[in-house]
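Novice: Would you mind keeping the following structure in view while I ask a few things?
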Amino acid sequence: MKSWLGRAVLLSFWIFSAWYLYIGGLLTQTLTFPKALAAIGIANLIFAMLFAFYAGTGKPKDVLFQEAFGSGGGKFISLLPSLTQIGWYAVVVEIGGTALATFFGLKKGETLFYATLLGYGAITMWFAIGGFKRMEKLSWVSIPAMLAFLVWGAHALFKQLGTGDLASYQPANQAGKGILTGIQLLIASFISAAVVIPDFLHDLGSKKNVFLASFWGMVPTAILVGGLGAVFAIAGKSYDVLATLKLMSGPALVYALLSVDNLCGAQAVYPVGTGLASVFPGVARKETIRKFWTVAGGLVSVVLAMIGIVGKLDSWLMILGTVFSPIIGVVLANQYFVRRDFSDRKMFLPAFIAWAIGCGVSFIPFGIPILQALAASAIVFIPIGKLFGREFLEGNMS
Numbered sequence: 000m001k002s003w004l005g006r007a008v009l010l011s012f013w014i015f016s017a018w019y020l021y022i023g024g025l026l027t028q029t030l031t032f033p034k035a036l037a038a039i040g041i042a043n044l045i046f047a048m049l050f051a052f053y054a055g056t057g058k059p060k061d062v063l064f065q066e067a068f069g070s071g072g073g074k075f076i077s078l079l080p081s082l083t084q085i086g087w088y089a090v091v092v093e094i095g096g097t098a099l100a101t102f103f104g105l106k107k108g109e110t111l112f113y114a115t116l117l118g119y120g121a122i123t124m125w126f127a128i129g130g131f132k133r134m135e136k137l138s139w140v141s142i143p144a145m146l147a148f149l150v151w152g153a154h155a156l157f158k159q160l161g162t163g164d165l166a167s168y169q170p171a172n173q174a175g176k177g178i179l180t181g182i183q184l185l186i187a188s189f190i191s192a193a194v195v196i197p198d199f200l201h202d203l204g205s206k207k208n209v210f211l212a213s214f215w216g217m218v219p220t221a222i223l224v225g226g227l228g229a230v231f232a233i234a235g236k237s238y239d240v241l242a243t244l245k246l247m248s249g250p251a252l253v254y255a256l257l258s259v260d261n262l263c264g265a266q267a268v269y270p271v272g273t274g275l276a277s278v279f280p281g282v283a284r285k286e287t288i289r290k291f292w293t294v295a296g297g298l299v300s301v302v303l304a305m306i307g308i309v310g311k312l313d314s315w316l317m318i319l320g321t322v323f324s325p326i327i328g329v330v331l332a333n334q335y336f337v338r339r340d341f342s343d344r345k346m347f348l349p350a351f352i353a354w355a356i357g358c359g360v361s362f363i364p365f366g367i368p369i370l371q372a373l374a375a376s377a378i379v380f381i382p383i384g385k386l387f388g389r390e391f392l393e394g395n396m397s
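Numbering of the sequence shown is given in numbering that gives the first Met the number 0, commencing with residue 0 and proceeding in unit increments.
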């Protein structure tokens, strides 16, 4: 049995990065600062409880998907997170590459600016091509860089704003928007990682250990990083961290720190290569195919970064929530209520029907649509799964 503390550290690394600063900033478009902090805490507590059951089955994601959607259907579902990582990697390249370009005094629209984005993408892809050993070395530079950036940012922002301005801040677009809207955004921001979380936590031995790893790995870090992102947005009147730095006339070193921290984005493009290689194996060695698809998917991400995906981040997050939360609902329903194994079938159509209905429910504009979509897909799958199922599953972890 693995230590839950070690996995908590791993989860904290996922959030301890520049993209979560942007998420915290997005919250301030509709929420006050105290409500933004509350939304961050509640959303990550929901994730911790969800992971306890979803990853607490003791099975990796591919097994869970194939038991619910069939052998071929499960492989298709497994491919989806890899494809969405192309979008997330584009966010990484745009943030880190723009920070690096700003460090060198380049502006958007200049040829060298886009060349810098391409170069930054090439560097992060190089780490991803090298696999886990090469990527692990990034933590020795990216984590200290982020710590230094956060310390400078907190000092500069609170010196400029003070606590009074934070407490009195009122977003211009808060009419009819409550804390549930913030929770929706936060869950959408991590849902593509949540759907593959069993691969990281399924071997912890108990649901309690999964919950402890998830809670302590995510909640404190999210409040710290997301909260500072919210402060950045309030100071700069934009969730774009780079725009705020320009407004505050931050030293060039700050841009370098942000760029170095974002090198951990190699972890975003790595699943692109592994996922596409599993579906399109080719005739070469498996590792060669993985490297090829890493580069191919990474280049698509670089193009998206050049177009500017960060400005459309909120729309991108809603798409992720629509697609992935119903998948988790189907898996949970199958593991704890239907308790049947459909992997002997190529594709289990009832699971896809429940998934599609859940996707539709996510468009209903009240409450927390992403969680309601998860619940809807589970409720729909339970009766039809029992009706068409045959073989019982093995028991889950306690």
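Backbone N, C-alpha and C define an ideal beta-carbon position, used for all residues, glycine too.
This structure is a prediction, so every number in the text was calculated from the model and none was measured.
By how many angstroms is the C-alpha of V337 removed from the C-alpha of G120?
Specialist: About 44 Å.
Novice: Per the contact definition of three or more C-beta pairs closer than 8 Å, is the stretch 71 to 87 in contact with the stretch 362 to 374?
Specialist: No, they do not touch.
Novice: Using only the alpha-carbon positions, how far apart do F347 and V278 sit?
Specialist: The alpha-carbon atoms of F347 and V278 are separated by roughly 19 Å.
Novice: Are P63 and V330 touching if we call contact CB-CB under 8 Å?
Specialist: The identity of residue 63 in the sequence shown is Leu, whereas the question assumes Pro. Yes, they are a contact pair.
Novice: Taking the alpha helix (DSSP H) that Y119 belongs to, which residues open and close that run?
Specialist: Counting along the chain, the alpha helix (DSSP H) containing Y119 begins and ends at 110 to 128.
Novice: Considering only C-alpha positions, which residue in the set L26, L36, L20, A155 is nearest to G95?
Specialist: Measuring from the Cα of G95, the nearest candidate turns out to be L20.
Novice: Could you pull the DSSP bridge partners for D202 from this structure?
Specialist: In DSSP, D202 forms no bridge with anything.
Novice: From this set, I182, F323, G366, which residue's C-alpha is nearest S77's C-alpha?
Specialist: When only C-alpha atoms are compared, the closest one is F323.
Novice: Which ranges would you report for the beta strand (DSSP E) in the stretch 310 to 346 if only whole runs of at least 3 residues count?
Specialist: Counting only runs of 3 or more, we get nothing.
Novice: G307: buried (16+ other C-beta within 10 angstroms of its C-beta) or exposed?
Specialist: Flag for G307 reads exposed.
Novice: Out of S342, A375, A37, W18, state which residue places its alpha-carbon closest to the alpha-carbon of I178.
Specialist: That would be A37, whose Cα lies nearest to the Cα of I178.
Novice: Below 8 Å, can you find three or more Cβ-Cβ pairs linking the stretch 20 to 33 to the stretch 221 to 240?
Specialist: Yes, the stretch 20 to 33 is in contact with the stretch 221 to 240.
Novice: Y254 to G104, Cα distance in whole Å?
Specialist: If you take the alpha carbons of Y254 and G104, they lie about 11 Å apart.
Novice: Identify every run of the beta strand (DSSP E) within the stretch 345 to 394, keeping only runs that are complete inside it and at least 3 residues long; order them along the chain.
Specialist: Correct list: empty.
Novice: Determine the direct distance from the alpha carbon of G216 to that of F68, and round the result to whole angstroms.
Specialist: So the two alpha carbons sit approximately 30 Å from each other.
Novice: Taking 6 Å as the limit between beta carbons, can you name the residues of its chain near P117, skipping five residues before and five after?
Specialist: For clarity, residue 117 is Leu in the given sequence; the question names Pro instead. Taken in chain order, the residues that qualify are V301.
Novice: Tell me the rounded alpha-carbon separation between D202 and L111.
Specialist: Approximately 47 Å between the Cα atoms of the pair.
Novice: Can you name, in chain order, every residue of its own chain whose Cβ lies under 7 Å from the Cβ of F46, other than the five neighbours on each side?
Specialist: Within the same chain, F46 has close Cβ partners F189, A193, S213, M217.
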